[in-house]
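Numbering of the sequence shown is given in the numbering used here, commencing with residue 61 and proceeding in unit increments. Here a beta-carbon is modelled for each residue, glycine too, at the ideal position from N, C-alpha and C. Keep in mind it's a predicted model, so treat the numbers as computed, not measured. Scroll down for the structure; my scribbles are underneath it.
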Amino acid sequence: MAKYEEVMIGLKQGKYAPAYMLCGKEPYYIDKVADYIEQNVLDEMAREFDQTIIYGKDLSSGDVSPVIGAARGFAMMGGYKVIIVKEAQNIKKWDALAMYMDNPQPSTILVFCYKYGSPDKRLALFKNWEKKGGVLMESDPLKDYQVEKWIRDYVAQRNKELKANGDEVQIDDKVTKILADSIGSDLTQIVGALQKLIDGRPEGIKVIDTALVERNIGISKDFNVFELQDALIKSDVVKANRITQYFASSKDHPMVKELGILYGFFANLMIYHYLPDKSERAVASALGINPYFVKDYAAAAKRYSAGKTFAIIGYFRETDARLKGINNPSAKDADLWKELIYKIMH
61 MAKYEEVMIG LKQGKYAPAY MLCGKEPYYI DKVADYIEQN VLDEMAREFD
111 QTIIYGKDLS SGDVSPVIGA ARGFAMMGGY KVIIVKEAQN IKKWDALAMY
161 MDNPQPSTIL VFCYKYGSPD KRLALFKNWE KKGGVLMESD PLKDYQVEKW
211 IRDYVAQRNK ELKANGDEVQ IDDKVTKILA DSIGSDLTQI VGALQKLIDG
261 RPEGIKVIDT ALVERNIGIS KDFNVFELQD ALIKSDVVKA NRITQYFASS
311 KDHPMVKELG ILYGFFANLM IYHYLPDKSE RAVASALGIN PYFVKDYAAA
361 AKRYSAGKTF AIIGYFRETD ARLKGINNPS AKDADLWKEL IYKIMH
């Protein structure tokens with residue numbers, strides 16, 4: 061099974077496979093590969109004659125046969141014929157493709173975009189897919205702990221491109237965490253937010269900070285889970301209650317999501333307490349975090365002992381259960397937040 065980077069290297073070298081099956085739960089890389097093929101294999105004039113976009117939902121009975129009929133034709137301009145099938149997850153009958161792959165048309169490039177899942181790999185077609193020259197790429201979603209690094213890597217890559225044109229951009233570590241916590245692992249949304257921040261910067265601004273995020277994305281620099289975590293570390297009751305009151309009145313901050321992020325911090329804090337080596341590098345490695353945030357755990361450890369941390373983890377579990385209706389006939393989010401903050405800080 062090919063990785064995204066491997067597929068892109070082959071495409072940029074002009075080494076085209078007869079068929080690509082781009083599948084997986086993360087649509088971002090599927091779109092990246094399909095878009096590259098759509099925009100780069102043929103020139104603008106050839107695309108008018110030899111490039112076809114088909115949607116799986118438009119195929120009668122989910123049968124791939126019409127696609128294969130088109131694939132067997134010759135390129136009118138004498139080069140490649142490109143057929144991109146979007147929403148290929150709607151295809152149910154693959155028999156015609158199996159026969160086609162026994163003797164594919166050399167000048168045709170078939171691309172199947174199978175999003176939010178994968179075809180049944182038990183089918184003989186997919187067991188022998190790569191042996192017959194096809195490329196199978198599965199795009200898996202990032203794990204939560206991978207998101208911050210992905211954001212930093214994306215910005216670093218954009219920075220290289222900008223430097224070539226005399227510009228420059230960096231991202232504040234706090235912003236990286238805020239974006240990861242607020243958006244999650246949806247790469248399409250993350251990239252959309254980063255493009256707004258990078259391309260929408262006022263002239264001369266080279267650092268993406270929390271103020272820029274609030275202005276361009278709408279994520280408050282003062283009312284976010286990162287600031288709530290900071291308030292808990294510093295025992296700032298007023299700030300913590302102000303933020304949680306804001307959360308309770310906002311649809312953008314569902315309690316179950318914010319609880320999960322805070323729970324992760326205190327679960328890591330418990331691990332921190334028992335680490336034999338508390339140097340910045342050792343802690344960052346053990347917890348899988350940016351070294352910049354090690355100081356937060358050091359500060360929290362002074363405020364919350366291992367025993368207190370253990371109790372706090374219990375408070376989170378109890379609150380999560382009550383949020384789901386267990387032993388909680390009427391308490392609202394605001395009440396649950398207020399009670400939780402009190403228990404943590406006392």
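Outcome for residue i when other beta-carbon atoms lying within 10 angstroms are tallied against a minimum of 16
i	result
N387	exposed
E104	exposed
S345	exposed
D162	exposed
T379	buried
N188	exposed
T248	exposed
H406	exposed
A216	exposed
Y64	buried
K384	exposed
N225	exposed
M197	buried
M160	Looking at the sequence provided, one finds Tyr at residue 160 rather than Met. Burial call: buried.
K141	buried
A360	buried
Best match in the options for proximity to residue i [C-alpha to C-alpha]
i	options	result
D200	R107, D259, C83, A184	C83
A94	Y80, E65, A360, Q217	Y80
L322	Y375, R275, A131, A342	Y375
M136	S121, E108, V127, A184	E108
L110	F325, R382, K256, S167	Per the sequence shown, residue 110 should be read as Asp rather than Leu. Looking at the Cα atoms, S167 is the closest of the given residues.
R132	L292, A156, I279	A156
I265	D282, V127, E228, D312	E228
Q255	I303, Y214, D290	Y214
P351	K209, C173, D204	K209
A148	Y140, G139, K175	K175
P126	D282, G139, V145, Y364	V145
Y134	A106, W154, Q165	Contrary to the premise, residue 134 reads as Phe rather than Tyr in this sequence. Nearest option by C-alpha distance: Q165.
D290	K355, K181, G138, I69	K355
Inter-residue CB distance, residue i and residue j (contact presumed, cutoff 8 Å)
i	j	result
I169	V101	6 Å
I258	I250	Going by Cβ atoms, the distance from I258 to I250 rounds to 12 Å, so no, they are not a contact pair.
A240	V207	4 Å
A77	G194	6 Å
A391	R382	6 Å
E71	I113	Residue identity check: residue 71 is Leu in the sequence provided, not Glu. About 18 Å separates the two Cβ atoms, so there is no contact after all.
L288	I303	5 Å
I238	F286	5 Å
N150	G129	The pair is not a contact, with the Cβ atoms about 18 Å apart (cut-off 8 Å).
Heavy atom of the ligand GDP within 7 Å of residue i beta-carbon
i	result
Y88	The model on display carries no ligand, and the ligand GDP is accordingly not part of it.
* Cβ contact (3+ pairs, closer than 8 Å) linking the stretch 106 to 119 and the stretch 78 to 92 -> no
* **Runs of alpha helix (DSSP H) lying entirely within the stretch 221 to 266, each at least 4 residues, in chain order** => 233 to 243, 247 to 259
* **Contact the stretch 254 to 270 vs the stretch 226 to 236: 3+ CB pairs below 8 Å** => yes
* **Meets three-Cβ-pair contact criterion under 8 Å: the stretch 328 to 342 and the stretch 361 to 373** => yes
* Asked: In the stretch 328 to 358, which residue ranges form an unbroken alpha helix (DSSP H) of at least 4 residues, counting only runs that do not cross its ends?
  -> 340 to 347
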